[in-house]
Amino acid sequence: MNTQNHQFAEHTAITASVVPDELRIGFWPQHFGSIPQWITLEPRIFAWMDRLCTDYHGGIWRFSTLSNGGAFMAPESDHDEKWTLFNSMNGNGAELTSEAAGMVACLMAFSHHACRTESDAMTEHYYRLRDYALKHPECSAIMHLID
1 MNTQNHQFAE HTAITASVVP DELRIGFWPQ HFGSIPQWIT LEPRIFAWMD
51 RLCTDYHGGI WRFSTLSNGG AFMAPESDHD EKWTLFNSMN GNGAELTSEA
101 AGMVACLMAF SHHACRTESD AMTEHYYRLR DYALKHPECS AIMHLID
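Quick note: the sequence shown uses UniProt numbering, first residue 1, plus one each step.
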């Protein structure tokens with residue numbers, strides 16, 4: 001990324017848009033299709049959520065795209081339900097909205113997948129989501145959990 005575009009990106013708000021149901025089928029191949037073993041990402045995200053949250057027992061997830069080209073998923077919740085996450089690898093925990101909890105699970109999965117596959121495209125996805133997380137109201141909790 002050239003310096004001028006990077007500076008513009010730093011000052012431009014990143015927004016998230018929920019993917020409509022009729023477009024969900026193409027979400028993974030469209031955003032992650034060039035990444036080795038992309039088909040394993042969704043179950044790995046579920047596994048991270050299961051590892052981080054004892055109250056997670058599966059469910060419906062919503063897909064979102066980011067205005068910076070990123071994409072992630074988050075569990076749907078009833079009535080603004082909070083999710084309690086604890087990372088036993090660093091001892092940090094927090095109570096988060098479903099969006100923030102999903103971002104944590106995705107960031108963990110994206111990071112590990114980038115290391116496992118040595119994919120620059122996967123690394124880019126990690127940083128696009130991280131850039132969104134850095135401006136999120138729950139930034140501090142997200143960063144402590146993924147540290």
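Built from N, CA and C at the ideal position, the CB exists for glycine as well.
Distance CB(residue i)-CB(residue j) smaller than 7 Å
i: A71; j: E99; result: no
i: L85; j: A94; result: yes
i: L66; j: I14; result: yes
Rounded separation between residue i and residue j - CA only
i: E118; j: D50; result: 25 Å
i: M143; j: A101; result: 11 Å
i: F32; j: M122; result: 8 Å
i: D147; j: D131; result: 15 Å
i: P29; j: I35; result: 9 Å
i: M89; j: S64; result: 27 Å
i: residue 153; j: G91; result: As displayed, the chain neither begins before 1 nor continues past 147, which places residue 153 out of reach and without an answer.
Buried or exposed by the 16-neighbour rule on C-beta atoms within 10 Å, applied to residue i
i: C53; result: buried
i: H125; result: buried
Rounded Cβ spacing between residue i and residue j (contact assumed at less than 8 Å)
i: L145; j: N87; result: 5 Å
Complete alpha helix (DSSP H) runs within the region 113-139 (minimum length 4 residues, chain order)
Given a length threshold of 4 residues, each whole run of the alpha helix (DSSP H) inside the region 113-139 is given here in chain order: 120-134.
Counting only runs that start and end within the region 3-65, where is the beta strand (DSSP E) found for 3 or more residues in a row?
Taking 3 residues as the minimum length, the beta strand (DSSP E) runs contained wholly in the region 3-65 are 16-18, in order along the chain.
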